[in-house]
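Enquirer: Questions regarding the structure given below will be posed in turn.
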Amino acid sequence: MKRIISGIAAVIAAFSCTPKQESVHPEWTYDAVVYEMNIRQYTPEGTFAAAQAELPRLKELGVDIIWLMPVYPIGVKERKGTLGSYYAISDYCAVNPEFGNMTDFENFLKAAHKDGFKVILDWVANHTSPDAKWIYECPADWYERDSLGNTVVEYDWTDIAALNYDNKDVWKAQDKAMRFWLDKGVDGFRCDMACEVPVEFWRETISGLRADYPGIYMLAEGEDPGLHKDAFDASYAWVLHHLLNDIAQGKKGAKELAEYVAADAEKNPAEAFRLMFTSNHDENSWAGTEFERMGDAAKAMAVLTFTLPNGQPLIYTGQEMGWNRRFEFFEKDPVPAWENNGYTDFYKWLVKLRHDNPALAAGEKGGAFEIISTENDMFVFSRTLPGNKVTVSVHLAAPWDYNIDVE
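Numbering (this note's numbering), first residue to last: 903 to 1309.
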């Protein structure tokens, strides 16, 4: 029996009937699956060269975009742990010797491109390490400072120094540093804590970068719809992620999921890509693996991240082998050996499903979305384009069954 949740039908209908527009993103991004590579933990060696040797495995998995967590040198002052946080950067235009040298990075990039991957770098515009090059080489007002002239930290990030975006010289320096990597051939950036930096900076900088480097892809760690206006292709679906955790823990269900989809469609432009995930580096290390948070529901929740409207799915290092452990963040803690198990085949199936069905595309090219049923803990919906219809059924309670039909 069909049933649309009362009060959201109008929004869903409007969303389903959104007229298709000309492409506003690079063509290769619409059905792309992002793989977040933690270089330090990805191999026992933890180097660019070792990661390069694993590219054939990722090609077999089928992912499209390799997002490299920060590859830059890490500051020593106030360093956390033995190796430090990737996000406490001392030099935006160099590589972390832990991973190799610049030639090793360039070789990795060249090999990845040869295998058909796009490569994006993690960009940390909000702050540097407290002993970064800019601390010593640039005027004091490049950084936020307290009444005593000390650089400012945020949250419990005692290993960072916040940059001062009231100073337009910081904008110019960020732009120049990003161009350094684009000149090497990287395909875009995942921008850390994008909401902590003025959106005007992103709009001005990204517009200039797109003019000179057409086809780049920009992903914001943030959920402000304003980030999509003249700036980012994709933003984080954090609200969805926490909702999926709650559903997996029996706290919420189909009604709340239907309400989320309607609210997200109303809030964001139709062309906005929404990065959807069951894990990433933050969630894995600090909140726990998907199995800790979602238990037996982990696969069912992953199915939703690959099929819900506007979604651009993410796979984090180790998920494709069912890695059931939190990675240490400031120490070496690698995956011991890769194995092709049930999770490998599961994610290969999801990636292929995504590629084979244009109705599942992100943004304005995706198929019309319709909720078919929310009864008896079932969330059933369809994505439809002329010539392609995908119907997804997910049981939002034990035994967490799911089914996908393609027409």
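Yeah, the Cβ is synthetic: ideal placement off N, Cα and C, and Gly gets one too.
Ordered along the chain, which non-local residues of its own chain (more than five positions away) have a Cβ less than 8 Å from that of Glu1158?
Expert: Here residue 1158 is taken as the residue at index 256 of the sequence shown, counted from 1. Leu1145, Asp1148, Ile1149.
Enquirer: Mind reading off the beta-carbon distance from Pro1260 to Tyr1119? Whole number of angstroms is fine, and I expect it under 8 Å.
Expert: Your numbering for residue 1260 matches position 358 in the sequence shown. Your numbering for residue 1119 matches position 217 in the sequence shown. Actually they are not in contact, since the Cβ atoms of Pro1260 and Tyr1119 sit about 19 Å apart, beyond 8 Å.
Enquirer: Is Gly986 closer than 7 Å to Thr949 when the C-beta atoms are compared?
Expert: The sequence position of residue 949 within the sequence shown is 47, counting from 1. The sequence position of residue 986 within the sequence shown is 84, counting from 1. No. Outside cutoff.
Enquirer: With a floor of 3 residues, list each beta strand (DSSP E) that falls wholly inside the region 1206 to 1282, ordered by position along the chain.
Expert: At a cut-off of 3 residues, the continuous stretches assigned as beta strand (DSSP E) that sit fully inside the region 1206 to 1282 are 1213 to 1218, 1270 to 1275.
Enquirer: Any idea what DSSP makes of Lys1131, helix, strand or coil?
Expert: Locating residue 1131 in the sequence shown gives position 229, counting from the first residue. In the structure shown, Lys1131 sits in coil (DSSP, three-state: anything other than H, G, I, E or B).
Enquirer: Can you give the beta carbon distance from Ala1202 to Trp1302, rounded, assuming they're within the 8 Å contact cut?
Expert: The count along the sequence shown starts at 1 and reaches residue 1202 at position 300. The count along the sequence shown starts at 1 and reaches residue 1302 at position 400. Sure, about 4 Å apart at Cβ, within 8 Å.
Enquirer: Under 6 Å Cβ to Cβ from Asn1305, same chain only, skipping five residues before and after it: list those, please.
Expert: By 1-based counting over the sequence shown, the position of residue 1305 is 403. Here the set comprises Ser1295.
Enquirer: Check the DSSP bridge columns for Ile976 and list the partner residues they point to.
Expert: As a working mapping, residue 976 is identified with position 74 in the sequence shown. Ile976 is bridged to Ile991.
Enquirer: What is the DSSP secondary structure of Glu1125, counted as helix, strand or coil?
Expert: Position 223 of the sequence shown, counted from the start, is the residue given in the question as residue 1125. In the displayed model, Glu1125 falls within coil according to three-state DSSP, outside both helix and strand.
Enquirer: Near His1257, what residues of its chain come up, given a Cβ to Cβ distance below 6 Å and the 5 sequence neighbours on each side ignored?
Expert: Locating residue 1257 in the sequence shown gives position 355, where the first residue counts as 1. The residues are Asp933.
Enquirer: So Trp1104 is in the alpha helix (DSSP H); what residue range does that whole segment cover?
Expert: As a first step, residue 1104 must be located in the sequence shown, where it is residue number 202. Element bounds for Trp1104: 1101 to 1114.
Enquirer: Taking buried to mean at least 16 other C-beta atoms within 10 Å of its own C-beta, is Met1004 buried or exposed?
Expert: Locating residue 1004 in the sequence shown gives position 102, counting from the first residue. The residue is exposed, with fewer than 16 neighbouring Cβ atoms inside 10 Å.
Enquirer: Tell me whether the beta-carbon of Leu1121 lies closer than 7 Å to the beta-carbon of Ala1136.
Expert: Residue 1121 sits at position 219 when you count from the first residue of the sequence shown. Residue 1136 sits at position 234 when you count from the first residue of the sequence shown. For Leu1121 and Ala1136, yes; Cβs fall inside 7 Å.
Enquirer: Please work out which residues of its chain come closer than 6 Å, Cβ to Cβ, to Pro999, disregarding the five sequence neighbours upstream and downstream, and give them in chain order.
Expert: Your numbering for residue 999 matches position 97 in the sequence shown. Closer than 6 Å at Cβ, skipping near neighbours: no residue.
Enquirer: Under the DSSP definition of a beta bridge, which residues are partnered with Glu1056?
Expert: What you label residue 1056 is simply residue 154 of the sequence shown in a count that begins at 1. Paired residue(s): Trp1059.
Enquirer: Between the alpha carbons of Thr1033 and Met1095, how many angstroms are there, rounded?
Expert: Here the question's residue 1033 lines up with position 131 in the sequence shown. Here the question's residue 1095 lines up with position 193 in the sequence shown. The sequence shown places Asp at residue 1033, not Thr. Spanning the two alpha carbons is a distance of roughly 20 Å.
Enquirer: Compare the beta carbon distance of Asp1184 and Arg1092 with 7 Å and say whether it is the shorter of the two.
Expert: Looking up residue 1184 in the sequence shown gives position 282. Looking up residue 1092 in the sequence shown gives position 190. Not in contact: Asp1184 and Arg1092 (Cβ atoms no closer than 7 Å).
Enquirer: Along the chain, where does the beta strand (DSSP E) containing His1297 start, and where does it finish?
Expert: One-based indexing of the sequence shown puts residue 1297 at position 395. Per DSSP, His1297 belongs to the beta strand (DSSP E) from 1290 to 1297.
Enquirer: Would you list the residues sitting across from Thr1030 in a DSSP beta bridge?
Expert: The sequence position of residue 1030 within the sequence shown is 128, counting from 1. Ala1063, per the DSSP bridge assignment.
Enquirer: Going by the beta-carbon positions, is the gap between Ile941 and Ala953 smaller than 7 Å?
Expert: Stepping through the sequence shown from its first residue, residue 941 is reached at position 39. Stepping through the sequence shown from its first residue, residue 953 is reached at position 51. In this structure, Ala953 lies closer than 7 Å to Ile941 by Cβ.
Enquirer: Sorted by chain position, which residues of the same chain lie with C-beta nearer than 6 Å to Tyr1057's C-beta, five sequence neighbours on each side aside?
Expert: For this step, residue 1057 is matched to residue 155 along the sequence shown. Excluding positions up to five away in sequence, the list is empty.
Enquirer: How about the region 1260 to 1270 and the region 1285 to 1293: do they share at least three Cβ pairs that are nearer than 8 Å?
Expert: yes
Enquirer: Might you give, ordered along the chain, the residues of its own chain that have their beta carbon closer than 6 Å to the beta carbon of Phe1231, omitting 5 neighbours on each side?
Expert: Within the sequence shown, the letter at position 329 stands for residue 1231. Around Phe1231: Ser1187.
Enquirer: Nearest-angstrom Cα distance between Thr1191 and Tyr1162?
Expert: Position 289 of the sequence shown, counted from the first residue, corresponds to residue 1191. Position 260 of the sequence shown, counted from the first residue, corresponds to residue 1162. Distance between the alpha carbons of Thr1191 and Tyr1162: 23 Å.
Enquirer: So is Phe1007 buried or exposed if we call it buried at 16+ other beta carbons inside 10 Å?
Expert: Residue numbering aside, residue 1007 sits at position 105 when the sequence shown is read from its first letter. Its Cβ being crowded by 16 or more others within 10 Å, Phe1007 is buried.
Enquirer: Which partner residues does Ile1022 have in the DSSP bridge list?
Expert: Mapped onto the sequence shown, residue 1022 falls at position 120. Partner(s): Trp969.
Enquirer: Grab the span of the alpha helix (DSSP H) containing Asp1166 for me, first residue to last.
Expert: What you label residue 1166 is simply residue 264 of the sequence shown in a count that begins at 1. Run containing Asp1166: 1156 to 1169, per the alpha helix (DSSP H) assignment.
Enquirer: To the nearest angstrom, how far is it from the Cα of Thr1276 to the Cα of His1130?
Expert: As a first step, residue 1276 must be located in the sequence shown, where it is residue number 374. As a first step, residue 1130 must be located in the sequence shown, where it is residue number 228. Their Cα atoms are separated by approximately 31 Å.
Enquirer: Taking DSSP as the reference, what is the three-state secondary structure of Arg1047?
Expert: Position 145 of the sequence shown holds residue 1047. Three-state DSSP puts Arg1047 in a strand.
Enquirer: DSSP three-state label for Ser1137, please.
Expert: Translated into positions along the sequence shown, residue 1137 becomes position 235. Looking at Ser1137 - three-state DSSP - the assignment turns out to be strand.
Enquirer: Is it right to say Ser925 is buried, meaning 16 or more other beta carbons lie within 10 angstroms of its own, or is it exposed?
Expert: As a position in the sequence shown, residue 925 is number 23, starting the count at 1. Flag for Ser925 reads exposed.
Enquirer: Sorted by chain position, which residues of the same chain lie with C-beta nearer than 7 Å to Gln923's C-beta, five sequence neighbours on each side aside?
Expert: Here the question's residue 923 lines up with position 21 in the sequence shown. Note on Gln923: pLDDT 49, under 50, position unreliable in the model; no value is reported.
Enquirer: When burial is assigned at 16 or more other CB atoms within 10 Å of the CB, is Lys1020 buried or exposed?
Expert: Counting from 1 along the sequence shown, the entry for residue 1020 is found at position 118. That one is buried.
Enquirer: How big is the Cα-Cα spacing for Lys1078 and Ile1108?
Expert: By one-based count along the sequence shown, residue 1078 stands at place 176. By one-based count along the sequence shown, residue 1108 stands at place 206. Going from the Cα of Lys1078 to the Cα of Ile1108 covers about 12 Å.
Enquirer: Could you give the distance in angstroms between the alpha-carbon of Leu1317 and the alpha-carbon of Phe1281?
Expert: Outside the modelled stretch of the chain, which goes from 903 to 1309, sits residue 1317, for which no answer is possible.
Enquirer: Would you call Ala1300 buried or exposed, if buried means 16 or more other Cβ atoms sit within 10 Å of its Cβ?
Expert: Translated into positions along the sequence shown, residue 1300 becomes position 398. Around the Cβ of Ala1300, a 10 Å sphere holds fewer than 16 other Cβ atoms; the residue is exposed.
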